[in-house]
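Participant: Please read through the structure below; I'll follow up with questions.
Numbering (our numbering), first residue to last: 174 to 245.
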């Protein structure tokens, strides 16, 4: 299984919109420091980064969760 992530591995939030705006990636909302740390981070550290991203996303777009749950 070399080169493949395990079933419980934390997956990168990258969506290939790699452009820095106001200190954060416009695509995944990670800071440049978080992006740089990701490759060498363990799953626990990656979960902390994802938690910070989720908090930023809620702060920047508080209605995003509601939009994802709509049944139009």
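Positions of the beta carbon are idealized from the N, C-alpha and C atoms, including for glycine. Bear in mind the structure is a predicted one, so any value in this text is a computation, not a measurement.
Compare the Cα-Cα distances from residue 192 to each of 225, 181, 223 and 205 and report the closest residue.
Facilitator: Among 225, 181, 223 and 205, the Cα nearest to that of residue 192 is on 205.
Participant: Would you grab the beta carbon distance between residue 183 and residue 216 for me? Rounded to a whole angstrom, and I think it's under 8 Å.
Facilitator: Yes, residue 183 and residue 216 are in contact; Cβ-Cβ is about 5 Å, under 8 Å.
Participant: Between residue 229 and the rest of its own chain, which residues show a CB-CB distance below 6 Å, the 5 nearest in sequence each way excluded?
Facilitator: Excluding residues within five positions, the ones whose Cβ falls inside 6 Å are 202.
Participant: Let me know if residue 188 comes out buried or exposed under the rule of 16 or more other beta-carbons within 10 Å of its beta-carbon.
Facilitator: Label assigned to residue 188: exposed.
Participant: Bridge partners for residue 194 per DSSP, in chain order?
Facilitator: According to DSSP, residue 194 bridges with 197.
Participant: Quick one: residues in its chain with C-beta nearer than 8 Å to the C-beta of residue 218, no 5 flanking neighbours on either side, listed in chain order?
Facilitator: Answer for residue 218: 210, listed in chain order.
Participant: For residue 185, list the residues DSSP reports as bridge partners.
Facilitator: Paired residues: none, contrary to the question.
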